[in-house]
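**Q** Reminder that position 112 of the sequence shown reads as 151 in the working numbering, one-by-one numbering, no gaps.
We put the beta carbon where it would ideally sit given N, CA and C, even for glycine.
Predicted model, so just to flag it, every value in this text is computed and none were measured.
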Amino acid sequence: MTSWTSAAGLVLTDLVPAALRARWVERGWCPDQDLYTLFLERVRSHPSREAVVDDQGTLDYAALDERARRTAALLAGHGVRERDVVAVLLPDGRDTVALDLAIAALGAVALPVPPGRSDADVLGLVERARAALLVTEASRVERIERSGAPAPVLAIDGPGARRPRPYVPERRRPDPESPARVLLSSGSEGEPTMVAYSHNAMAGGRGNYVGALHEGGGPPRVLLLVSSASSFGSLGIVALIRHGATLVTTRRFDPGAALEAIERHRPTLLVGVPTMLRRMALHDREVDTSSLTTVVASGAPLHREVYDLCVRRFRRPVVNVYGSTDGVNCHTARDTGEWGPGRAGRPDPAVAEISVRDPEGRPLPPGETGEIWALGPMTPLCHVAVPELDRERRPAGGWVRTGDLGRLGGDGVLWVIDRLRRTVIRGGVTLYPARVEHALSAHPGVDEVHCVPVPDPDLGERMCACVRPTPGRTTPSGEELLAHLRDRHGMDTRALPEHVLFLPSLPLGPTGKVCAGTLTRMATEAVRARTTVLSGDPR
40 MTSWTSAAGL VLTDLVPAAL RARWVERGWC PDQDLYTLFL ERVRSHPSRE
90 AVVDDQGTLD YAALDERARR TAALLAGHGV RERDVVAVLL PDGRDTVALD
140 LAIAALGAVA LPVPPGRSDA DVLGLVERAR AALLVTEASR VERIERSGAP
190 APVLAIDGPG ARRPRPYVPE RRRPDPESPA RVLLSSGSEG EPTMVAYSHN
240 AMAGGRGNYV GALHEGGGPP RVLLLVSSAS SFGSLGIVAL IRHGATLVTT
290 RRFDPGAALE AIERHRPTLL VGVPTMLRRM ALHDREVDTS SLTTVVASGA
340 PLHREVYDLC VRRFRRPVVN VYGSTDGVNC HTARDTGEWG PGRAGRPDPA
390 VAEISVRDPE GRPLPPGETG EIWALGPMTP LCHVAVPELD RERRPAGGWV
440 RTGDLGRLGG DGVLWVIDRL RRTVIRGGVT LYPARVEHAL SAHPGVDEVH
490 CVPVPDPDLG ERMCACVRPT PGRTTPSGEE LLAHLRDRHG MDTRALPEHV
540 LFLPSLPLGP TGKVCAGTLT RMATEAVRAR TTVLSGDPR
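#1: Over the uninterrupted beta strand (DSSP E) stretch that includes R440, give me the two end residues.
#2: Quick check: what's the CA-CA separation for Y469 versus G445?
#3: Please state if the CB of A565 and the CB of P536 are separated by a distance shorter than 8 Å.
#4: Please work out which residues of its chain come closer than 7 Å, Cβ to Cβ, to A170, disregarding the five sequence neighbours upstream and downstream, and give them in chain order.
#5: With DSSP run on the structure shown, which of helix, strand or coil describes A284?
#6: Would G409 be called buried (16 or more neighbouring beta carbons within 10 Å of its own) or exposed?
#7: Ignore the nearest five residues each way along the sequence and tell me which others in L279's own chain have a CB closer than 6 Å to its CB.
#8: My guess is that T307 and S363 are in contact by the Cβ rule of under 8 Å, so how many angstroms apart are they, rounded?
#9: Please say whether G437 and L403 have beta carbons closer to each other than 8 Å?
#10: Determine the extent of the alpha helix (DSSP H) in which L59 is found, giving its start and end residues.
#11: Note the first and the last residue of the continuous alpha helix (DSSP H) segment covering G499.
#12: Enumerate, from N- to C-terminal direction, the unbroken alpha helix (DSSP H) stretches of 4 or more residues contained entirely within the segment 121-181.
#13: In this structure, how does DSSP classify C369 when only helix, strand and coil are distinguished?
#14: Would you please state the rounded distance, in angstroms, between the beta carbons of L53 and V82? I believe it to be under 8 Å.
#15: Within the continuous alpha helix (DSSP H) that includes G556, where are the two ends?
#16: Quickly, what does DSSP pair N359 with across the bridge? List them, please.
#17: According to DSSP, is A46 helix, strand or coil?
#18: How big is the Cα-Cα spacing for P546 and V572?
#19: Tell me the DSSP bridge mates of I195?
#20: Relative to the C-alpha of D196, which candidate in S225, V91, G132, P213 has its C-alpha closest?
#21: Taking V539 as the reference, which of T328, C490, R167, S42 has the closest Cα?
#22: Count Cβ pairs between the segment 89-101 and the segment 144-160 that sit closer than 8 Å; are there 3 or more?
#23: Span of the beta strand (DSSP E) holding D99?
#24: Got a sec? Which residues, its chain only, sit under 6 Å from G575 by beta carbon, not counting five neighbours each side?
#25: If I follow the unbroken alpha helix (DSSP H) through L298, where does it start and stop?
#26: At what residue ranges does the segment 377-459 contain a whole run of the beta strand (DSSP E), taking only runs of 3 or more?
#27: Thinking C-beta only, is S273 closer than 8 Å to V552?
#28: Do Y236 and L420 have their CB atoms nearer than 8 Å?
#29: Out of D73, E254, R156, which one is the CA nearest neighbour of R212?
#30: Give the DSSP-derived three-state secondary structure of D526 in the structure shown.
#31: Going by the CB atoms, is the gap between E216 and N239 shorter than 8 Å?
#32: Identify the continuous alpha helix (DSSP H) that holds V345 and give its terminal residues.
#33: Please classify M40: is it buried, with 16 or more other beta-carbons within 10 angstroms of its beta-carbon, or exposed?
#34: Between V334 and V265, how many whole angstroms is the CB-CB distance? I'm expecting something under 8 Å.
#35: Mind checking P154: buried by the 16 CB within 10 Å criterion, or exposed?
#36: Leaving out five residues on either side along the sequence, give the residues of the same chain with a beta carbon under 7 Å from the beta carbon of E344.
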């Protein structure tokens with residue numbers, strides 16, 4: 040195993056055998072170049088092509104490179120050097136993209152943090168990663184410094200951020216197998232974890248996945264609705280560096296503004312979580328969406344209702360992407376038009392090979408359910424500063440244990456059932472919330488739904504369905520929802536939720552996913568206060 044040490048002493052070990060990494064390069068699955076060198080090839084090839092479109096206007100590739108090199112000089116002036124980790128806490132736009140490239144130009148490692156994270160979360164991440172600098176907005180600097188920042192803080196829009204003469208990159212470039220970026224888990228089930236990715240894993244494995252999403256002969260134009268600091272949103276910088284894309288960014292999501300952006304900027308790819316796509320599909324604003332070739336959904340299960348709404352509104356099938364920060368990816372780009380609950384498409388070995396295993400790590404035959412394991416060019420190096428997670432989730436040979444339950448069909452299609460850890464154990468019987476969510480989402484009175492376990496002194500756990508009713512419709516009763524599950528979807532009585540909690544909205548984390556931890560606390564408190572409906576045993 041190969042280890043890398045940051046300037047501050049953070050050790051990151053590549054848990055994938057070096058011979059396997061070399062084989063992926065030989066097969067052409069990884070470009071074997073660092074990210075900034077790949078970007079420079081794009082600048083030389085098409086300097087005047089639009090690179091970034093944001094609220095301030097448009098930057099072409101040449102202008103973006105100059106901005107990136109000036110930003111690199113700014114960072115160097117604040118002490119950043121090769122092998123440093125630089126944390127970035129900014130809304131999306133040209134500064135975020137330029138910082139990504141500037142960090143790569145210096146041979147440093149980027150740690151993007153979604154802006155919705157609390158100050159305590161941010162400071163904890165900066166400390167654990169031993170970051171040399173935190174770059175953020177001036178409005179947040181004083182509060183962060185007052186909280187005891189473990190690293191210097193630079194306001195990208197402050198008086199000390201005047202960009203000097205452009206930085207000239209060193210001739211000696213970073214090893215393509217060395218760390219380039221640290222991705223964060225969503226933290227929807229607890230504290231966010233950090234996972235280190237190499238240049239080859241980002242541009243190779245993730246680059247191959249992004250390339251498979253794009254249809255047509257020209258370069259992609261990507262409207263990115265999710266934060267580029269999220270694992271899902273990292274496809275934006277990958278599309279730009281590896282595929283010469285134009286990246287259209289938004290500081291915050293608004294369904295009407297997103298629709299207008301489609302008409303104004305003519306993207307070919309629309310990228311968002313299902314909740315965003317649903318709100319756009321239901322919006323009453325009429326715009327021309329004919330530029331779209333692909334609608335991409337990830338970050339949460341894609342329910343049938345959302346799929347159908349998007350097909351009608353955008354006149355394109357929706358590509359469902361199954362992925363996680365841990366290093367797994369599979370999508371339906373090769374079989375769009377075919378939907379099924381949990382259908383994740385056919386694995387691509389140029390991205391990640393998929394294996395379904397039993398609890399002892401033995402491969403299971405097609406049709407049998409087990410834990411999803413992944414290994415391929417996009418496989419990350421390791422977790423950052425949490426060796427116990429590597430011992431738990433990274434078995435020998437470089438594989439990643441995803442913690443997800445799934446099965447491979449005889450035709451090679453992967454079906455994702457649920458999180459291995461997101462189950463409800465009721466009196467020794469395992470219940471899967473995802474199945475209930477898929478079924479309830481088809482009820483016209485249900486706008487959004489997420490099921491969580493609540494503690495029970497007798498049975499250990501019971502299931503609570505947390506429901507946001509559809510605006511403008513009569514709120515369904517708990518009994519009506521149970522009848523829908525039994526009669527319309529044939530669900531066994533034992534699999535039904537025993538509590539239903541109606542909420543005006545479901546709490547979201549910084550990446551736009553439902554925050555399961557917050558929702559579980561809310562449901563538990565509601566059950567104790569007896570403010571849920573049903574509140575009993577329907578069996």
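**A** Answer, in terms of the structure:
#1: 439-447
#2: Here the sequence assigns Thr to residue 469, which means Tyr is not the residue at that position. T469 and G445: Cα-Cα distance of roughly 15 Å.
#3: The answer is no: Cβ separation not under 8 Å.
#4: V124, V125, A126, L150, A190
#5: coil
#6: buried
#7: L286
#8: The beta carbons of T307 and S363 sit about 26 Å from each other, so the pair does not count as a contact at 8 Å.
#9: Cβ distance not < 8 Å, so L403 and G437 don't count as in contact.
#10: First-last of the alpha helix (DSSP H) with L59: 57-65.
#11: Note, G499: premise wrong, no alpha helix (DSSP H); beta strand (DSSP E) at 499-508.
#12: If we require 4 residues or more, the alpha helix (DSSP H) runs fully inside the segment 121-181 come out as 133-144, 158-167.
#13: Correct three-state label for C369: strand.
#14: Checking the sequence shown, residue 53 turns out to be Asp, not Leu. That belief does not hold up - the Cβ atoms of D53 and V82 are roughly 29 Å apart, past 8 Å.
#15: Segment 555-568, the alpha helix (DSSP H) holding G556.
#16: Answer is A336.
#17: Coil, per DSSP.
#18: 19 Å
#19: The partner list for I195 (beta bridge, DSSP) is empty, contrary to what the question assumes.
#20: The candidate whose alpha carbon is nearest that of D196 is G132.
#21: Cα-wise, what sits closest to V539 is C490.
#22: no
#23: 96-99
#24: Residue placement at G575 is poorly supported in this model, since its pLDDT is 47, which falls under 50; the coordinates are not used for a value here.
#25: 294-304
#26: 392-396, 409-414, 439-447, 453-458
#27: According to the sequence shown, residue 552 is Lys rather than Val. In this structure, K552 lies away from S273, with their beta-carbon atoms at least 8 Å apart.
#28: Yes.
#29: D73
#30: helix
#31: yes
#32: 343-353
#33: It counts as exposed.
#34: About 13 Å separates the two Cβ atoms, so there is no contact after all.
#35: buried
#36: S480, A481
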